[in-house]
Amino acid sequence: MGPFRVVKKSAAVERWFKTTKPPSEPALRRVRDIILGADPSMRERTQYGITFSSTKTPGDFGAFVRYSEPGVNLRLHRGGRLNGRYPHLRGTVVRRMRIADVTEANARASELRAMVKEWCALAQR
């Protein structure tokens with residue numbers, strides 16, 4: 140898994156968790172930690188739930204959607220720009236990944252990190 144990086148988390152997102160109380164909060168938090176920890180340029184904000192972006196690449200990386208339902212639904216609005224092999228990513232242009240719980244999030248951590256790293260590298264192409 141490699142060394143841990145201290146990740147600055149948004150106070151607004153912490154308030155969102157406190158007020159929204161999503162049923163899969165532990166899994167959402169784990170996926171959030173993986174995404175934010177994958178690249179130092181990653182940021183988060185509250186917009187339609189929680190949205191992730193990079194200071195390197197224009198546009199948003201992805202967002203948690205349907206967060207009032209069990210599990211994590213991560214939508215990548217521009218996911219069609221990713222060319223890597225991501226076996227759990229579904230769709231063609233707007234792509235998505237469904238993660239049931241923390242155990243599954245941990246199992247997909249390397250895939251999520253690779254997606255973030257590829258997204259952040261798009262600005263350099």
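Everything in the sequence shown is counted per the working numbering, starting at 140 for the first residue and increasing by one.
Each residue gets a CB set at the ideal place from its N, CA and C atoms; glycine is no exception.
Alpha carbons only, please: which of Arg220, Ser207 and Gly201 is nearest the one belonging to Leu213?
Gly201
State the DSSP-derived secondary structure class of Leu261, mapped to helix, strand or coil.
helix
DSSP three-state assignment for Thr158, whether helix, strand or coil:
helix
Neighbourhood of Arg182 by C-beta, 6 Å cutoff - its chain only, sequence neighbours within 5 removed
Ser192
Strictly by DSSP, which residues pair up with Ile238?
Val211
Whole-Å CB distance - Val204 paired with Leu167, under 8 Å assumed:
With 8 Å as the limit, Val204 and Leu167 do not qualify as a contact, their Cβ atoms being about 11 Å apart.
Arg247: buried (16+ other C-beta within 10 angstroms of its C-beta) or exposed?
buried
Per DSSP, what kind of secondary structure is Asp178 in: helix, strand or coil?
coil
Short of 7 Å in beta carbon distance, which residues of its chain neighbour Arg271, apart from the five on each side in sequence? Order them along the chain.
With the chain represented from 140 up to 264, any question about residue 271 goes unanswered, as that position is not in the structure.
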